[in-house]
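Enquirer:
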Amino acid sequence: MAEKKEIYKELLSFAKQSVENSYSPYSKFQVGAAVLCQDGKVYCGTNIENASYGLSICAERVAIFTAVSNGSKNIKAVAVYSKCGNVTPCGACRQVISEFSQKADIIYNDKNNKIKVEKIMSLLPKSFNKQSLK
Ligand code: THU
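Here this note's numbering runs 1328 ahead of the position in the sequence shown, where the first position is 1.
Okay, here's the thing in structure tokens:
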């Protein structure tokens, strides 16, 4: 368990590094994400906005889509870092995370930069997913 905490702290530090690449000239709200996959690989992402606001995409989905594009489809954990703290994935990102794991841990920093861990299931209970289609 102690080892897991260390791994999650490191994952959050990758998310923190990604914040530096945030393209958020409209909201000026920088977010970084890092995804740990079952195969042990880590993929990062940051939020990317657009002058056509609706085309903006969250850090979490950039990280997850990068993971999937590189052949890693099973998500173990998603870390989200914001300078203000207490940012958990938005509804759309929760739905995308639940597509690739019902058991993923969601890691984020609180206002005091303390690490917090939640389960995707508690953030998005009773999600619509591939089992729902059977
Ligand atoms: N944002 C994320 O990247 N992740 C979140 O979990 C919350 C919101 C981005 C979207 C937009 O670029 C900015 O933060 C303000 O909503």
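Where a beta carbon is used, it is the ideal one built from N, C-alpha and C, also for glycine.
(1) Taking 6 Å as the limit between beta carbons, can you name the residues of its chain near Y1336, skipping five residues before and five after?
(2) What does DSSP give as the partner residue(s) for N1437 in the beta ladder?
(3) Give me the Cα-Cα distance between K1332 and E1388, rounded to the nearest whole angstrom.
(4) Give me the residue from K1411, N1375, K1444 and Y1354 with the minimum Cα distance to A1405.
(5) Here's the rule I'm using: 16 or more other beta-carbon atoms within 10 Å means buried, otherwise exposed. How should G1373 be labelled?
(6) Do V1359 and V1370 have their CB atoms nearer than 8 Å?
(7) Measuring from each Cβ to the nearest heavy atom of the ligand THU, keep the ones under 6 Å and list them in chain order.
(8) With DSSP collapsed to three states, give me the class of L1364.
(9) On the premise that E1334 lies in contact with P1353, defined as a C-beta separation below 8 Å, what is that separation, rounded to the nearest angstrom?
(10) So what does A1405 bridge to, in DSSP terms?
(11) Straight-line CA distance for A1361 to K1462?
Expert: Let's see:
(1) For the purposes of this step, residue 1336 is taken as the residue at position 8 of the sequence shown. Correct list, in chain order: I1435.
(2) In the sequence shown, counting from the first residue as 1, residue 1437 sits at position 109. The secondary-structure analysis by DSSP pairs N1437 across a beta bridge with I1443.
(3) On the sequence shown, position 4 is the one that residue 1332 refers to. On the sequence shown, position 60 is the one that residue 1388 refers to. Separation of K1332 and E1388 (C-alpha to C-alpha, rounded to the nearest whole angstrom) is 21 Å.
(4) As a first step, residue 1405 must be located in the sequence shown, where it is residue number 77. When C-alpha distances from A1405 are compared across K1411, N1375, K1444 and Y1354, the shortest belongs to K1444.
(5) Within the sequence shown, numbered from 1, the residue matching residue 1373 stands at position 45. Burial call: buried.
(6) Walking along the sequence shown from the start, residue 1359 turns up at place 31. Walking along the sequence shown from the start, residue 1370 turns up at place 42. Result no, Cβ atoms of V1359 and V1370 do not sit closer than 8 Å.
(7) By the rule of a C-beta closer than 6 Å to any heavy atom of the ligand THU, the residues picked out are S1352, S1355, F1357, V1359, N1375, E1377, S1384, C1386, A1387, E1388, V1408, V1415, P1417, C1418 and C1421.
(8) On the sequence shown, residue 1364 is found 36 positions in, with the first residue counted as 1. The DSSP-derived three-state label of L1364 is strand.
(9) By 1-based counting over the sequence shown, the position of residue 1353 is 25. By 1-based counting over the sequence shown, the position of residue 1334 is 6. Incorrect: roughly 35 Å between the Cβ atoms, too far for contact.
(10) Taking the first residue of the sequence shown as position 1, residue 1405 is located at position 77. Partner(s): L1364 and D1433.
(11) Here the question's residue 1361 lines up with position 33 in the sequence shown. Here the question's residue 1462 lines up with position 134 in the sequence shown. Roughly 31 Å separates the two Cα atoms.
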